[in-house]
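Structure record follows, encoded as structure tokens.
In the numbering used here, the protein residues as written are 1086 to 1184.
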């Protein structure tokens, strides 16, 4: 799971480079968090909820953490495969762009 965690972490950070709303990717292994903030660097729970709803429509269930409920929580099952990560990143990219 370390290898897949490293892959997920790298791909989430690639999305961070693409979307200024992502302020931080953090965690260890496959247990990762992605913090969303607005243009004023304030926590953005509304965008977080919109992203989660879009992902749910795509069959992906993520958690929501953080004091302000603005952190997407990634805790995939240990049987996850790289193709699952690719699907997740593709749908997350779409959700971040359109939510």
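Beta carbons are placed, not taken as given, at the ideal position from N, Cα and C, and that holds for glycine.
Please read these numbers as outputs of a predicted model, since none were measured by experiment.
message: So the candidates are 1112, 1155, 1118 and 1147; which of them puts its Cα closest to the Cα of residue 1131?
response: For residue 1131, the nearest C-alpha among the options comes from 1155.
message: Quick check for students: name the residue ranges of the beta strand (DSSP E) that lie wholly in the segment 1102–1150, counting only runs of 3 or more.
response: Qualifying beta strand (DSSP E) stretches, in chain order: 1107–1113, 1116–1121 and 1148–1150.
task: Look at the alpha carbon of residue 1176 and the alpha carbon of residue 1147, and state the distance between them as a whole number of angstroms.
output: When only Cα atoms are considered, residue 1176 and residue 1147 end up about 12 Å apart.
task: Could you name the residues of the same chain whose beta carbon sits closer than 7 Å to that of residue 1129, not counting the 5 residues immediately before and after it, in chain order?
output: Cβ within range, chain order: 1106, 1121, 1122, 1123 and 1155.
message: Which of the three DSSP states is assigned to residue 1180 in this structure?
response: It is helical.
message: Using DSSP's beta-bridge definition, name the partner residues of residue 1157.
response: Its beta-bridge partners are 1119 and 1149.
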